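Asker: First residue of the sequence shown? That's 12 in this note's numbering, and the numbers climb one at a time after it.
The structure is given below, and queries will be raised subsequently.
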Amino acid sequence: MTESDLREHIDGSREILSNEELEEMTKSCTDNEHDVEDSEETVPPAWTLEKFADAFQQAQVLKDKILEYDPSMECDLVVTRGIAASLRSLQDLFDDAKRKQKQLPITMFLTGASVGINAGPLQE
């Protein structure tokens with residue numbers, strides 16, 4: 012039950028509610044709030060390398076448009092520096108994502124070692 016539903020119920024009927032009824036109403040309201048918070052926390056960021064590339068490409072298009080509209084470059088440098096500074100946190104995330112993608116999986120190293128162990132003693 013939401014807060015507005017609770018207010019309508021209280022305004023609509025002037026009967027006295029028991030403690031259990033009040034607890035039930037407030038409990039269901041707080042349960043719904045926790046469900047909303049849980050769903051917000053469980054949604055992981057959906058950034059992929061392609062999305063980063065698209066965002067940086069759009070930023071470059073914006074920089075090019077600004078240069079096109081201001082050929083004297085009076086404001087161009089200030090604006091492009093501001094855009095670059097604003098995108099710095101995304102650039103860091105992008106660099107981390109690229110680094111993680113380039114890292115070799117540990118199973119690659121374990122597979123080679125386990126093959127040598129399973130081969131048995133060397134035969135001469």
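Think of the CB as a built atom: it goes at the ideal place given N, C-alpha and C, for glycine as much as any other residue.
Keep in mind the model is a prediction, meaning the values are calculated, not measured.
I need the DSSP call for LEU101, collapsed to helix, strand or coil.
Answerer: It is helical.
Asker: Nearest to LYS74 by alpha carbon, out of THR91, TYR80 and LYS113?
Answerer: Ranking THR91, TYR80 and LYS113 by Cα distance to LYS74 puts THR91 first.
Asker: Candidates GLU14, PHE67, LEU60 and LYS62: which alpha carbon is nearest SER97's?
Answerer: Among GLU14, PHE67, LEU60 and LYS62, the Cα nearest to that of SER97 belongs to PHE67.
Asker: When you compare only the Cα positions, how much space is there between GLN114 and GLU34?
Answerer: Taking the straight line joining both Cα atoms gives about 53 Å.
Asker: Are the CB atoms of ILE77 and ASP65 within a distance shorter than 7 Å?
Answerer: Cβ atoms of ASP65 and ILE77: not closer than 7 Å.
Asker: For THR59, which three-state DSSP category applies?
Answerer: THR59: coil per DSSP, three-state reduction.
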